[in-house]
Amino acid sequence: MSQSFLDQLWIARFVILNGLGMTVSISILSIIAGSVLGIFVGLALAYGKWPLRLVVRAYTDIIRGTPVLVLVLASYYISAAAGLDLKPFSAGVLALAIFCSSHVGEIVRGALQAISKGQTEAAKAIGLTFGQTFTSVLWPQAMRQCLPAWVNTAAEMVKASTLLSVIGVAELLLRTQEIISRNFMSLQFYFLAGALYFVVNFAIERFGKYVERKTALPS
1 MSQSFLDQLW
11 IARFVILNGL
21 GMTVSISILS
31 IIAGSVLGIF
41 VGLALAYGKW
51 PLRLVVRAYT
61 DIIRGTPVLV
71 LVLASYYISA
81 AAGLDLKPFS
91 AGVLALAIFC
101 SSHVGEIVRG
111 ALQAISKGQT
121 EAAKAIGLTF
131 GQTFTSVLWP
141 QAMRQCLPAW
151 VNTAAEMVKA
161 STLLSVIGVA
171 ELLLRTQEII
181 SRNFMSLQFY
191 FLAGALYFVV
201 NFAIERFGKY
211 VERKTALPS
């Protein structure tokens, strides 16, 4: 006699939680690393000298034009061929962080270039270094403009984490497929996986709204 979905869910609860934890870990690490690198990419595109801008522009355009799956496979297999011996988890996070950085870099560039040059000149006039100008004048304004697009990019990283299953990372999708291979309840467990991905992205969206409220200028 076949067991019900709830029975199968109870049996597989730890497998699902393990996969969900892996997905959350991948997403957080790739978003943080990609965002930090993306800020430097955006700075180079907005304020770097032309040789640096040329190199960073090529990096951004190439990465943005490359499918995420290709980046994941390249990160894993090329690193192995180069003797780096990255584990699937590390290679996957690296690929997603690189992809994230190219998008965040463009977001940051656009936000920085939207700020009046007069503010940078005023900061120079009162003796601020570029680092002080960025942290005290430019970044607080740019961050408010970046947040909506950053939330979208972060959500894309969560969805892109499903591609790491092709190199053997046991994230939520791969764990779900393993469960389905045993009980053949594909509709129920894929629906559950979709709901869990929605919860993760909803949490990111709520976090973005929270930061947006905290950084909003008083009306």
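Numbering of the sequence shown is given in UniProt numbering, commencing with residue 1 and proceeding in unit increments.
Here a beta-carbon is modelled for each residue, glycine too, at the ideal position from N, C-alpha and C.
With DSSP collapsed to three states, give me the class of residue i.
i, result
"alanine 149", "helix"
"lysine 87", "coil"
"phenylalanine 184", "coil"
"glutamate 171", "coil"
"serine 2", "Because serine 2 carries a pLDDT of 47, less than 50, the predicted location of this residue cannot be relied on, and the following value inherits that uncertainty. Residue state, collapsed to three classes: coil."
"glycine 118", "helix"
"proline 51", "helix"
"isoleucine 128", "In the sequence under discussion, the amino acid at residue 128 is leucine, which differs from the isoleucine named in the question. Reduced to three states, the DSSP call for leucine 128 is coil."
"proline 140", "helix"
"glycine 65", "coil"
"alanine 46", "helix"
"alanine 216", "coil"
"residue 283", "Because the chain in this structure spans residues 1 to 219, residue 283 falls outside the shown range and cannot be described."
Quick one: is residue i buried, meaning 16 or more other Cβ sit within 10 Å of its Cβ, or exposed?
i, result
"methionine 1", "Caution applies to methionine 1, whose pLDDT of 34 falls short of 50 and renders its modelled position unreliable; the value that the coordinates give is listed next. Exposed is the call here."
"glycine 131", "exposed"
"glycine 168", "exposed"
"residue 242", "Residue 242 falls outside the range modelled here, since the chain spans only 1 to 219, and no answer is possible."
"glutamate 106", "buried"
"tyrosine 210", "exposed"
"arginine 109", "buried"
"tryptophan 50", "exposed"
"glycine 92", "buried"
"threonine 135", "exposed"
"asparagine 76", "According to the sequence provided, residue 76 is tyrosine. The question's asparagine does not apply to it. Flag for tyrosine 76 reads buried."
"alanine 154", "buried"
Cβ of residue i versus every heavy atom of the ligand HEM: is any distance shorter than 7 Å?
i, result
"alanine 114", "What this structure holds is no ligand at all, so the ligand HEM is not there to describe."
Is it true that the segment 198 to 216 meets the segment 50 to 58, where meeting means three or more beta-carbon pairs spaced less than 8 Å apart?
no
Would you be able to state if there are at least three C-beta pairs under 8 Å between the segment 36 to 56 and the segment 96 to 109?
yes
At least 3 beta-carbon pairs within less than 8 Å: the segment 168 to 177 vs the segment 192 to 203:
yes
Does the segment 4 to 15 come close enough to the segment 179 to 187 that 3 or more CB-CB pairs lie under 8 Å?
yes
Report yes or no: do the segment 149 to 160 and the segment 15 to 35 share at least 3 C-beta pairs separated by less than 8 Å?
yes
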